[in-house]
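Inspection log for the structure reproduced underneath, given as structure tokens.
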Amino acid sequence: MWEDGDNHTEADLSPTHQGWADGFTGSGESPPTASFEASPSAPAPGEAVTFDASGSSDPDGDIQSYEWDFTGDGTTDATGRQVTHTFDSEGSYDVTLTVADGSGETADDTASTTVEVTSDASVVDRYDANGDGCIDISELNTGIGDYFDDDASIDEVNALIEQYFACL
């Protein structure tokens, strides 16, 4: 129920009324609601992320525009209900979606997207014999060396120089 101050009430969803003296016009337009999802939610650097604003809505009709800011600088980087974006380095990024309806009402939704470095688990599985997360990478560090023994001749040996372990 709308009341305009001169004892006039209106139950219409989109009321307008002009008063007798100075004039007063009201509108019952409701702003849209902005909402989006990102997939994958924790991408690796360089991996394309799909942003979907299908969850956005407008109680008065259809949403007319979708504007995306991926850099946090207030500039529109992409438009459309569903867009893709790639983050080049790891970190946390605030992504803002601004939607506008046919009557110019707008709404924003900001969500943080975290870009993570992912590891290739198959390398660990290949060398991790006991499943403790540590791998022996010694086989990758062998070499040939020369040494002298008591007979004053140069002898060549192919041996493991050092032993290394990596724990993930």
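Numbering (my numbering), first residue to last: 1 to 168.
All residues carry an ideal CB built from backbone N, CA and C; glycine is no exception.
In chain order, 94, 95, 96 and 97 place their CB closer than 8 Å to the CB of residue 110, counting only its own chain and leaving out the 5 sequence neighbours on each side. Straight through space, the alpha carbons of residue 59 and residue 104 are spaced by roughly 13 Å. With fewer than 16 other CB atoms across the displayed protein chains lying within 10 angstroms of its CB, residue 47 is exposed. Following the DSSP letters along the chain, one finds residue 86 inside the beta strand (DSSP E) bounded by residues 82 to 86. Closest option to residue 44, judged by alpha-carbon separation, among 112, 106 and 88: 88. Looking at 108, 40, 114 and 86, the one whose alpha-carbon comes closest to that of residue 57 is 108. Taking C-beta atoms under 8 Å as the contact rule, residue 102 and residue 55 fail to qualify, at a distance of about 19 Å. Partner residues in a beta bridge of residue 60, as assigned by DSSP, do not exist.
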